[in-house]
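Peer 1:
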Amino acid sequence: MPITSPEKYWWKPADKEEKLWITIALLWCLVLTIMMPLMHVIGTQNPSVNPMKIRTEDYRKMSDAFIEKYKVGEEGGIPIVEPPDGADVYLRGQMWTWTPILKLKKGVNYKFHISSTDLMHGFSLMPLVMNFQVVPGHDNILNMTPTSAGTFHILCNEFCGIGHHTMIGKIIVS
Amino acid sequence: MSNGSEFRTCPITGKKVFAATQNLVWINAVTAVVFILVGGIMALLVGLTRWPAVHLLSADLFYRFLTAHGLNMLVFWIVFFEIAGLYFGSSVLLNSRLAAPKVAWLAYLLMLVGAVLVDVMVFTGKATVMFSSYVPLQADPLYYLGIILFAVGALIGCAIFFGTLAIAKAEKTYEGSVPLVTFGLSAAAIIAVFTLACGAIIYIPTLLWSLGLITNLDPGVYRLIFWGFGHSSQQINVTAMVSVWYLLGALTVGAKPVNEKICRSAFLLYILFINLASEHHLLTDPTLSPYHKMANTSYFMYLAVLASMIHALAIPMCVEVAQRKKGYTKGLFEWLTKAPWGEPGFPALIFSLFIFGFIGGITGVVYGTEQLSIKTHNTWAMTGHFHGTVVGGTTLAFMGLTYYVIPLIFRREIIGKKIATLQPYIFAIGIILIALGMGGAGTLGSPRRHWDITFADAVIPFSFDPAVLFFTTIAAIGVIVAVVGGAMYVGVSVLSVFFGRKMAPNEAKML
Numbered sequence: 530m531p532i533t534s535p536e537k538y539w540w541k542p543a544d545k546e547e548k549l550w551i552t553i554a555l556l557w558c559l560v561l562t563i564m565m566p567l568m569h570v571i572g573t574q575n576p577s578v579n580p581m582k583i584r585t586e587d588y589r590k591m592s593d594a595f596i597e598k599y600k601v602g603e604e605g606g607i608p609i610v611e612p613p614d615g616a617d618v619y620l621r622g623q624m625w626t627w628t629p630i631l632k633l634k635k636g637v638n639y640k641f642h643i644s645s646t647d648l649m650h651g652f653s654l655m656p657l658v659m660n661f662q663v664v665p666g667h668d669n670i671l672n673m674t675p676t677s678a679g680t681f682h683i684l685c686n687e688f689c690g691i692g693h694h695t696m697i698g699k700i701i702v703s
Numbered sequence: 005m006s007n008g009s010e011f012r013t014c015p016i017t018g019k020k021v022f023a024a025t026q027n028l029v030w031i032n033a034v035t036a037v038v039f040i041l042v043g044g045i046m047a048l049l050v051g052l053t054r055w056p057a058v059h060l061l062s063a064d065l066f067y068r069f070l071t072a073h074g075l076n077m078l079v080f081w082i083v084f085f086e087i088a089g090l091y092f093g094s095s096v097l098l099n100s101r102l103a104a105p106k107v108a109w110l111a112y113l114l115m116l117v118g119a120v121l122v123d124v125m126v127f128t129g130k131a132t133v134m135f136s137s138y139v140p141l142q143a144d145p146l147y148y149l150g151i152i153l154f155a156v157g158a159l160i161g162c163a164i165f166f167g168t169l170a171i172a173k174a175e176k177t178y179e180g181s182v183p184l185v186t187f188g189l190s191a192a193a194i195i196a197v198f199t200l201a202c203g204a205i206i207y208i209p210t211l212l213w214s215l216g217l218i219t220n221l222d223p224g225v226y227r228l229i230f231w232g233f234g235h236s237s238q239q240i241n242v243t244a245m246v247s248v249w250y251l252l253g254a255l256t257v258g259a260k261p262v263n264e265k266i267c268r269s270a271f272l273l274y275i276l277f278i279n280l281a282s283e284h285h286l287l288t289d290p291t292l293s294p295y296h297k298m299a300n301t302s303y304f305m306y307l308a309v310l311a312s313m314i315h316a317l318a319i320p321m322c323v324e325v326a327q328r329k330k331g332y333t334k335g336l337f338e339w340l341t342k343a344p345w346g347e348p349g350f351p352a353l354i355f356s357l358f359i360f361g362f363i364g365g366i367t368g369v370v371y372g373t374e375q376l377s378i379k380t381h382n383t384w385a386m387t388g389h390f391h392g393t394v395v396g397g398t399t400l401a402f403m404g405l406t407y408y409v410i411p412l413i414f415r416r417e418i419i420g421k422k423i424a425t426l427q428p429y430i431f432a433i434g435i436i437l438i439a440l441g442m443g444g445a446g447t448l449g450s451p452r453r454h455w456d457i458t459f460a461d462a463v464i465p466f467s468f469d470p471a472v473l474f475f476t477t478i479a480a481i482g483v484i485v486a487v488v489g490g491a492m493y494v495g496v497s498v499l500s501v502f503f504g505r506k507m508a509p510n511e512a513k514m515l
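Chains as they are written, first to last, in the numbering used here: chain Z, 530 to 703; chain U, 5 to 515.
#1: With three or more beta-carbon pairs closer than 8 Å as the criterion, would you say the region 198-215 of chain U touches the region 119-133 of chain U?
#2: Could you name the residues of the region 606-633 of chain Z whose beta carbon sits closer than 8 Å to any beta carbon of chain C, in the order they occur along the chain?
#3: Answer with yes or no whether the minimum CB distance from Met530 (chain Z) to chain U is below 7 Å.
#4: Please determine if the region 662-672 of chain Z and the region 583-600 of chain Z are in contact, where contact requires at least 3 C-beta pairs separated by less than 8 Å.
#5: Could you give the first and the last residue of the continuous beta strand (DSSP E) run that contains Ser577 (chain Z)?
#6: What first and last residue would you give for the beta strand (DSSP E) that runs through Thr626 (chain Z)?
#7: Look at the alpha carbon of Glu283 (chain U) and the alpha carbon of Gly232 (chain U), and state the distance between them as a whole number of angstroms.
#8: Within a Cβ cutoff of 7 Å, which residues of the same chain sit near Gly651 (chain Z), ignoring the five residues on either side of it in sequence?
#9: Specify, as a first and last residue, the run of the alpha helix (DSSP H) that Gln239 (chain U) falls within.
#10: Within the 7 Å Cβ cut-off, does Met5 (chain U) reach chain Z?
#11: Starting from the Cα of Lys176 (chain U), find the closest Cα among U:Arg12, U:Leu98 and U:Arg505 and give me that residue.
#12: Going by DSSP, what residue range makes up the beta strand (DSSP E) through Met608 (chain Z)?
#13: The beta strand (DSSP E) spanning Tyr639 (chain Z) covers which residue range?
#14: Check Gln375 (chain U) in the structure and name its three-state DSSP category.
#15: Return no unless some Cβ of chain Z is closer than 7 Å to the Cβ of Asn243 (chain U).
#16: Under the three-state reduction of DSSP, which class applies to Leu556 (chain Z): helix, strand or coil?
#17: Would you say Phe84 (chain U) and Thr35 (chain U) are within 7 Å of each other, going by their C-beta atoms?
#18: Tell me the rounded alpha-carbon separation between Ile194 (chain U) and Trp249 (chain U).
#19: Using a Cβ cut-off of 8 Å, which residues of the region 358-382 of chain U contact any Cβ in chain Z, in chain order?
#20: Give the single residue among U:Pro344, U:Met313, U:Gly157 and U:Leu273 whose Cα lies nearest to the Cα of Phe360 (chain U).
#21: With three or more beta-carbon pairs closer than 8 Å as the criterion, would you say the region 260-267 of chain U touches the region 404-417 of chain U?
#22: If you check the beta carbons only, do Pro348 (chain U) and Ala424 (chain U) fall under 7 Å apart?
#23: Would you report the Cα separation of Met5 (chain U) and Ala24 (chain U), rounded to the nearest angstrom?
#24: Just to confirm the assignment, what range does the alpha helix (DSSP H) spanning Asp593 (chain Z) have?
#25: Any idea which residues DSSP pairs Phe414 (chain U) with across the strands?
#26: Taking 7 Å as the threshold (C-beta atoms), are Pro15 (chain U) and Asn518 (chain U) in contact?
#27: Among the residues of its own chain, which have a CB less than 6 Å from the CB of Ser703 (chain Z), if the five just before and after it don't count?
#28: Kindly provide the ranges of any alpha helix (DSSP H) runs that are 4 or more residues long and lie completely inside the region 184-241 of chain U, ordered along the chain.
#29: Give the range of the beta strand (DSSP E) segment to which Gln427 (chain U) is assigned.
#30: Output yes or no for whether 7 Å exceeds the beta carbon distance between Thr243 (chain U) and Ala192 (chain U).
#31: In terms of DSSP beta bridges, what is Asp668 (chain Z) paired with?
#32: Given a threshold of 16 other Cβ atoms within 10 Å of its Cβ, counted over all protein chains shown, does Asn76 (chain U) qualify as buried or as exposed?
#33: Can you find a CB in chain Z that lies within less than 7 Å of the CB of Glu338 (chain U)?
#34: For the region 320-331 of chain U and the region 294-311 of chain U, state whether three or more C-beta atom pairs, one from each stretch, are separated by less than 8 Å.
#35: Should Ile630 (chain Z) and Lys699 (chain Z) be called a contact, given that it needs their Cβ atoms to be closer than 7 Å?
#36: Would you report the Cα separation of Glu547 (chain Z) and Leu317 (chain U), rounded to the nearest angstrom?
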């Protein structure tokens, strides 16, 4: 019984069925272990590969400069920004907006810098459902190429206070 | 209070049950049930708010109650029950007196004061920070103090467990190796020490930060160390739950482990690898390099998964062997169809095993890969995953065990045996609906910890695929069903513990 001490010599070899099961399970674990780095190399959709720290004040200045330089309009008080091809794109999460609204081109590669100047936020790109953690003091650098045109939305999926559920951003790809 | 040397002999198992142990198991288990009651009420309110058809609470109360739900269920209910389990697993199973019962009472008081402090802060709106309390979102210093007091109490509880193991060995109260359940609980206690150490490393500076004594606390570092505490505490639950599975197998069909070496080696794998896997929480973070993430979430994690796969064979196997020995040998499955489905422990064991493995476990392994984490990170699918593991798995197993602890340890007859038998079925159906509903909505992008998925107040309009609403409704129905199951559990266990017929000293009756 599992509630009483086992017999004195319990270090016994496994049965055939047990060995078979453990072997199958182990092989499956090995396949998964190999797939993890393999998908990182052959796959094209990976999380940030350049972890970088950045002071929130510096990030705020860089993202403000980016907005000022390429601003083309405004919607609901949020600036609309159209960066040139291949530019560094700054997307800032702050309670409770994603700033700015971005206008991007299909098939062009952009280097995204996603960070926060206050609390943690969760970047959730809809309807593709791609999610990244946004951490103040850290720059989440992602190389992204829009592959289809249309309007995309960014939800916040990390709790960031009472207005968390109103935090929505927008990316327009043409 | 006794001096720790009085005991009675259990008429069913022949184990010595010391009065001091019995009292401590009683107080910790009863307190656990009080906290599941609080957490369960929160579950209903939060679940009905999340459902747009009802949308019950205001945003302020929703986020407060969601924080309370997480802490009361994931921490207070489960850890109080586990401390009761550790005292049972060491003192009762080894026929030994408990080490330092007075210190164990101190541990209990620390945990209680900590838990009450946390709940007061959360309910008064001074700590709406969710279970994870990510900095720089700040709570009242008393909130962090409450968590620290609770963790210190739990750590002392683990020390009492190890002390009892040492006393039992020194006083030779058992022969040979410790029983498998005690071995499994030892693994859980070892993981608990690591976990609580991580908790101390992160919550002490966080407390100082909330007091203004430290100004710079890196949110990335907080996330790393917090999950050493936050996820590892779920690994304690897994390990304790697997031990309870073996225990339920023994109590319901008299199952005996087929190969002790295999079962024990699997527990060893948990100790060695399961905590390293906690870094899968950081897969989409900008703080760690891909190599670091991959190492921690590939072979380290899969060696812990291997351990679960081994238990997934060993437990049904020992049940089958025990049933076949009783003569249920017709066909492939007579052992299963003729199992005691009419007593609560068996369906609790089987549903716990099934929901943990097929819903919680599989989603966990899938979401824990580098790329698929991008698809599910912080979505409601994650919430569905851990409702499969911690609720459908751990909580259901603990519920099933309660119906045996009450007659065996507390010597009270269960009131409402039919309700008790029905309870695991209802609870399991509810949890399966919750986990599938959350998983479906989350896969379509529905975020976790969110008051209004219709986004009525947002400046930029957005609405989900209507399928999200369908899955949310399924989850909400699951919440109602599971809350009914939970209420049955609380009702039966509280009534039985306080008003059940006192059993005669030699009455050898389980249910």
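Where a beta carbon is used, it is the ideal one built from N, C-alpha and C, also for glycine. All of these numbers come straight from a predicted model, not from anything done at the bench.
Peer 2: The structure says:
#1: no
#2: The structure shown has no chain C; the protein chains it does contain are Z and U.
#3: yes
#4: yes
#5: Segment: none, Ser577 (chain Z) is in no beta strand (DSSP E) and carries neither H nor E.
#6: Thr626 to Thr628
#7: 8 Å
#8: Asn660, Gln662, Val663, Cys685, Asn686 and Glu687
#9: Ser236 to Val257
#10: Here Met5 (chain U) scores only 44 on pLDDT, less than 50, and its place in the model should not be relied on; the value that follows carries that caveat. Cβ-Cβ to chain Z under 7 Å: no for Met5 (chain U).
#11: U:Leu98
#12: Looking at the sequence itself, residue 608 (chain Z) is Pro, so the reference to Met does not match. Looking at the DSSP string, the run of the beta strand (DSSP E) that includes Pro608 (chain Z) is Ile607 to Val610.
#13: Tyr639 to Ser645
#14: helix
#15: Reading off the sequence shown, one finds Thr at residue 243 (chain U), where the question assumed Asn. Taking Cβ atoms only, chain Z never reaches closer than 7 Å to Thr243 (chain U), which makes this a no.
#16: helix
#17: yes
#18: 19 Å
#19: Val369, Thr373, Glu374, Gln375, Ser377, Ile378, Lys379, Thr380, His381 and Asn382
#20: U:Met313
#21: no
#22: yes
#23: A caution first: Met5 (chain U) carries a pLDDT of 44, below 50, which makes its placement in the model unreliable, though a value can still be read off. When rounded, the distance between both Cα atoms is 7 Å.
#24: Thr585 to Tyr599
#25: The partner list for Phe414 (chain U) (beta bridge, DSSP) is empty, contrary to what the question assumes.
#26: Any property of residue 518 (chain U) remains undetermined from this structure, which presents chain U solely from 5 to 515.
#27: Ala678
#28: 184-214 and 223-234
#29: Taken as a continuous stretch (DSSP letters only), Gln427 (chain U) belongs to no beta strand (DSSP E), being part of the alpha helix (DSSP H) at Lys421 to Thr447.
#30: yes
#31: Z:Met581
#32: buried
#33: no
#34: no
#35: yes
#36: 8 Å
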